[in-house]
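For the record, the sequence lines run as chains A and B. Using the working numbering, you'd call the opening residue of the first sequence number 1 and step up by one each time. Using the working numbering, you'd call the opening residue of the second sequence number 1 and step up by one each time.
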Amino acid sequence: MPGPVTDPRGAAAATPTRRGTEAAMLAFAVVLTTAAQAIVDLTVTGSLRPEMAMFSAWITALWIVAHLAVRRWASYADPLLLPAVALLVGLGLTVIHRLDLAAEMSGNTASREDAPVQLIWATLGVALFVAVLVIVRDHRALSRFAYTLALLGIVLLALPAVLPASISEVNGAKIWIRVAGFSIQPGEFAKICLVVFFAAYLVDKRDVLALASKKVAGLELPRGRDLGPVLLAWILSILVLVFERDLGSSLLLFGIFVVMLYIATERASWLFIGLTLFAGGALIAYQIFGHVRARVDTWLDPFAYIDGAGYQLVQSLFGLGTGGLFGAGLGGGRPDQVPIAKSDFIAAAVGEELGLFGLVAVIVVYLILVERGLRTSLVVRDAFGKLLAAGLAFAVAWQVFVVLGGVTGLLPLTGLTTPFLAYGGSSLVANFVLVALLVRISDAARRPATPHTPAVRLGEAPTEVVTP
Amino acid sequence: MNAPLRRVAISVLVLFTLLIINVNVIQVVRSEALRDDNRNTRVLAETYDRERGSIIVDGTEIALSVPTDGRLTYLRTYPQGPLYAPVTGYHSLVYGNRYIEDVMDDVLSGDDDRLFVRRIADLFTGRDPAGGDVVLTLDPAVQAAAMAGLEGVTGAVVALDPRTGAILGMASTPTYDPGLVSGHDPEVIRENMELITGQDPDPRVNRAIEDNFPPGSLFKVIVAAAALEDGLTPDSVVPAPRELPLPGSSRVIPNFGGSACSPSGEQSLLDALTISCNTAFAQLGLDLGEERVREMAEAFGLDDEGLEIPLEVVPSTVGDIVDDAALAQTSIGQRDVRMTVVQAALVAATVANDGVQMKPYLVDELRAPDLSVLAETEPEALREPISAEVADQLTEMMVSVVAQGSGRAARLPGIEVAGKTGTAQVREGVPDHNWFMGFAPADDPEIAVAVFVANGGGTGGDVSAPIARDVMAAYFEGQD
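What follows is the structure, encoded as structure tokens:
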């Protein structure tokens with residue numbers, strides 16, 4: 001006997017939107033950001049700067065706008081995604097401001113203030129965040145542009161490689177487009193385009209790719225002709241490595257693709273193949289390319305190269321070690337001793353001034369962001385949304401792991417940026433787009449079934465329904 | 001797709017756990033090693049962030065931190081670097097601290113417990129924390145005369161107030177400019193340090209405290225003290241042969257230049273000291289016996305643990321006395337006897353201060369950054385090796401040394417000087433060390449001096465006594 005029939009609209013009313021939670025958490029992030037900014041000013045200069053009020057109002061306005069956009073266009077979205085981002089962006093702005101002050105204090109008047117620039121980028125990021133929510137009403141629509149996005153992604157990825165080095169090369173990596181004083185890392189946008197494409201492509205082909213041909217040592221290997229896509233992704237990442245000397249993006253893209261392939265096909269053999277290909281590629285790269293070899297050697301024994309390639313990493317380790325458990329306090333350390341602390345090594349600055357507790361807190365915030373993304377993927381009903389959410393969430397996780405692992409000496413250094421935290425416009429704006437997509441999918445995942453879907457399942461219907 | 005998704009979620013958790021474990025290893029397990037690594041300039045840079053206290057001599061800062069525009073906020077400077085280098089040492093980004101900069105680092109850096117309350121107050125008032133000042137006992141005129149006297153030679157001078165033990169001058173040559181290694185550019189500091197240490201002997205070594213030397217005839221004062229304590233007087237007649245056969249050996253102890261001390265082969269104790277008769281004192285030592293000589297030397301401070309003034313002074317020693325031959329040689333300050341220049345000055349000061357040896361000290365007072373006095377050194381009696389009576393007798397004999405004996409070069413117009421010369425043989429083919437120790441005015445001493453010139457090649461009377469005279473003259477000029 002069927003149980004009491006539940007009214008789907010009743011269920012809808014019962015599913016909380018959790019927007020109140022989001023607002024409260026965002027308020028917490030704003031308070032924390034403002035307090036941290038005040039502490040930095042007081043510690044370093046001894047007084048609050050007049051721009052503080054303006055900054056505080058601006059950042060509050062940003063998150064109010066983002067929150068209202070979510071309320072209006074994605075009211076069932078996961079309530080933790082945006083606050084996690086707000087916390088990271090706020091902390092990032094604070095640390096960048098702190099490093100601006102350090103440069104000012106040391107009499108380096110030539111360096112421009114980066115925190116206001118980063119605030120502009122954050123504003124642009126929120127604008128794009130809102131735009132994505134407004135334009136992409138249904139994430140499934142994206143799959144229709146999969147091949148266009150793939151092309152766009154590859155063009156963005158390849159652009160710096162074909163441009164002259166004077167425009168595209170910074171610190172040895174050819175991953176930039178520098179025009180009129182602005183630097184753009186198109187790779188950050190390429191990442192999103194390619195994840196969308198991977199999701200659409202894999203949903204399409206996953207049945208074929210899941211076919212096994214033979215079993216070797218417990219692994220069901222795919223058919224030889226199905227190796228095409230993974231080989232293509234591999235070659236693409238190798239090309240990035242060779243022509244742009246960008247170990248980070250290469251590792252990032254290949255990692256994301258292999259994991260998405262694994263999720264789509266449920267075949268662990270893809271992981272194995274991916275790992276083998278990667279290991280082979282890495283080995284060859286180590287043999288052939290001086291810069292890869294230098295990176296690895298420096299990673300294995302940074303102190304041996306303290307006066308050269310290892311200087312930055314050693315300074316980072318010194319900073320982290322000096323910070324210890326509780327850190328030197330915001331404004332109390334010497335994070336400016338690490339070269340390029342604002343972008344690549346911002347985590348070292350966090351660890352030095354906020355200590356182990358601060359750095360672990362940041363890692364945990366990333367973990368929350370990623371796990372909420374993966375949870376969205378679990379809950380969402382359509383396969384494309386599942387893969388897309390998983391790909392985007394894993395992209396963040398993988399990037400954070402590779403960057404923080406590099407800064408702390410766990411992995412060789414790569415040129416990747418720390419999402420949301422580090423100075424850098426392209427990275428910040430691109431990651432806002434990424435989170436907007438996650439918010440969009442999570443809204444779809446948590447939104448109760450709309451009334452025009454069948455109220456009851458066919459088999460449970462009180463009377464037989466004849467389908468035409 | 002949910003099963004692999006869950007596995008990916010768990011994998012992410014594992015990856016992040018790895019990150020957290022790794023950060024724990026760095027920030028907890030390796031924290032101390034990384035913080036204290038000498039290539040980590042953070043902690044040192046921090047000390048350059050605070051205004052380090054000054055080292056002050058007679059109201060003038062001889063080491064001070066001045067604000068700069070550079071990355072490190074304060075630069076340590078030494079306005080009269082070479083003059084005070086043997087005392088101040090240096091405060092170097094690369095080579096750490098030396099001498100007063102080192103032993104007084106807690107006060108200068110502001111880390112001293114006595115500055116604790118103030119540091120806490122600084123936290124709340126937002127005042128930049130600063131270090132305390134160290135005020136030295138040095139007299140600039142004495143220091144300058146001592147350094148000038150040693151110009152061109154390797155040696156050391158210590159001058160102190162016999163009544164208190166306050167050190168008025170402490171010179172050592174060759175010297176160097178500590179400012180050369182106290183800059184902010186490690187490369188420049190390293191180059192300069194190579195230039196400094198490339199010299200022979202090492203200019204960084206303060207020879208007044210870090211090395212001891214055979215005192216030669218200075219030791220005769222100690223032997224004389226033992227004899228006087230045992231009842232002899234300056235007028236007692238002692239044997240003074242042309243040469244003294246070393247007991248149990250075919251060798252002899254001759255007098256300086258092989259001359260006779262007196263035609264009769266004996267003379268008064270006073271005369272024997274006045275002309276520094278070797279045979280008389282060697283025989284006197286043999287008559288007193290090893291135990292008595294050693295006792296008196298130890299009573300003056302030899303073979304004690306080193307002093308802290310607060311710079312560490314290496315111990316002086318009588319050395320092994322294996323037989324009577326060794327005892328005879330020891331009694332004239334040869335063989336294994338070794339004295340620091342500080343110890344020599346102390347012997348003179350003890351005689352000057354009626355037999356009471358005051359503990360020598362360099363630091364007069366410590367001041368907080370607000371100039372309030374944190375601590376003041378109270379003069380402290382260290383030992384009393386001889387009675388006031390014996391001290392008077394020794395003074396009489398030492399006055400004779402300067403008035404008409406080997407120390408005539410130390411005479412000062414209008415002021416009676418007491419002293420003793422020393423010319424110590426080092427080894428065959430190497431010029432002798434030249435010593436002088438003395439004090440003035442003889443009747444009411446205000447300054448005691450010891451001068452040491454390494455391998456000076458002359459006698460203590462020619463080489464060192466004039467330096468002592470100039471140092472004392474500079475002191476008295478400053479008192480007028």
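No residue lacks a Cβ here, since even glycine has one placed at the ideal position from N, Cα and C. Every value quoted in this text rests on a predicted model; they were computed, and no experiment measured them.
- request: Taking the CB atoms as reference points, tell me whether L133/A and A69/A lie closer together than 8 Å.
  value: Between L133/A and A69/A, the C-beta gap is smaller than 8 Å, which places the two residues in contact.
query: Helix, strand or coil: which one does DSSP assign to Q185/A?
result: coil
query: If we count the other Cβ atoms within 10 Å of its Cβ and call it buried at 16 or more, is S250/A buried or exposed?
result: Buried is the label assigned to S250/A, since at least 16 other Cβ atoms lie within 10 Å of its Cβ.
task: Apply the 10 Å Cβ neighbour rule to G289/B and answer buried if 16 or more other Cβ atoms are within range, or exposed otherwise.
output: exposed
- request: Give the residues of chain A in contact with D58/B, contact being defined as C-beta atoms less than 8 Å apart.
  value: Under the 8 Å cutoff, chain A gives no residues; its nearest Cβ is about 35 Å from D58/B.
query: Residues of chain A with CB under 7 Å from R30/B, in chain order?
result: Close partners of R30/B in chain A (Cβ separation under 7 Å): G321.
task: Identify whether G391/A lies in helix, strand or coil by the three-state DSSP scheme.
output: Judged by DSSP in its simplified three-state form, G391/A adopts helix.
query: Which residue from F289/A, R98/A and I363/A puts its Cα closest to that of V402/A?
result: When only C-alpha atoms are compared, the closest one is I363/A.
- request: Give, in chain order, every residue of the segment 249-276 of chain A whose Cβ lies closer than 7 Å to some Cβ of chain B.
  value: V259, Y262, I263, A264 and E266
message: Quick check: the Cα distance between S372/B and E291/B, rounded to an integer number of angstroms?
response: 50 Å
- request: Within its chain, find whatever has a CB closer than 6 Å to the CB of D130/A; leave out the 5 residues flanking it on each side and keep chain order.
  value: According to the sequence as given, residue 130/A is Val; it is not Asp. Correct list, in chain order: A69.
message: Rounded to whole angstroms, what is the Cα-Cα separation between L392/A and G358/A?
response: Linking L392/A to G358/A through their CA atoms gives a straight-line distance of about 25 Å.
- prompt: What are the start and end residues of the beta strand (DSSP E) that includes A448/B?
  reply: I447 to V453
query: What residue from D139/B, V322/B, I386/B and E298/B has the CA that sits closest to Q343/B's CA?
result: For the options D139/B, V322/B, I386/B and E298/B, the alpha carbon positioned closest to that of Q343/B is the one of E298/B.
task: Please check if any C-beta of chain A sits within less than 8 Å of the C-beta of A3/B.
output: yes
message: Contact between the segment 137-148 of chain B and the segment 389-409 of chain B is defined here as three or more beta-carbon pairs at a separation below 8 Å; is this criterion met?
response: Flag = no, the segment 137-148 of chain B and the segment 389-409 of chain B do not touch.
task: May I ask you to list, following chain order, the residues of the segment 167-187 of chain A that have a beta carbon less than 8 Å from some beta carbon of chain B?
output: none
Chain-order list of residues whose beta-carbon lies under 6 Å from that of Q337/A (same chain, five-residue window excluded): Q315
Partner residues on chain B for V126/A, Cβ-Cβ distance less than 7 Å: Within 7 Å Cβ-Cβ: nothing; V126/A doesn't reach chain B, min ~26 Å.
- prompt: Rounded to a whole number of angstroms, what is the C-alpha to C-alpha distance between G331/A and S31/B?
  reply: 20 Å
- prompt: Since L283/A sits in a beta bridge, which residues does DSSP pair it with?
  reply: According to DSSP, which records beta bridges pairwise, L283/A is partnered with nothing at all.
query: Does any C-beta atom of chain A lie closer than 8 Å to the C-beta of L18/B?
result: yes
field: First and last residue of the uninterrupted alpha helix (DSSP H) at N485/B
entry: Outside the shown range of chain B (1 to 480) lies residue 485/B, about which nothing can therefore be said.
- request: Please report how far the alpha carbon of L227/A lies from the alpha carbon of D207/A, in whole angstroms.
  value: 14 Å
query: Starting from D324/B and walking both ways along the alpha helix (DSSP H), at which residues does that stretch end?
result: D324/B -> alpha helix (DSSP H) spans D324 to S331.
- prompt: Where E308/B and S109/B are concerned, what is the direct C-alpha to C-alpha distance, given to the nearest angstrom?
  reply: 20 Å
query: By how many angstroms is the C-alpha of V365/A removed from the C-alpha of A74/A?
result: About 22 Å.
query: What is the residue span of the alpha helix (DSSP H) that H97/A lies within?
result: L81 to M105
field: Under the three-state DSSP convention, the category F28/A falls into
entry: helix
message: Just verifying my parser: in three-state terms, what is the DSSP assignment at A12/A?
response: Any reading at A12/A must be qualified, since the residue scores a pLDDT of 48, below 50, and its modelled position is unreliable; no value is offered.
task: Output yes or no for whether 8 Å exceeds the beta carbon distance between N484/B and Y99/B.
output: As shown, chain B starts at 1 and ends at 480. That puts residue 484/B outside it, with no answer to give.
Spatial distance of A146/B from L346/B (CA atoms): Their Cα atoms are separated by approximately 17 Å.
field: Beta-carbon proximity list for S276/B, same chain, < 6 Å, skipping 5 on both sides
entry: S217 and S406
query: What three-state label does DSSP hand N434/B in the structure shown?
result: Strand at N434/B.
message: With a threshold of 8 Å between beta carbons, is V370/A in contact with chain B?
response: yes
- prompt: A465/B: which of A33/B, S236/B, F476/B and T423/B sits nearest, CA to CA?
  reply: T423/B
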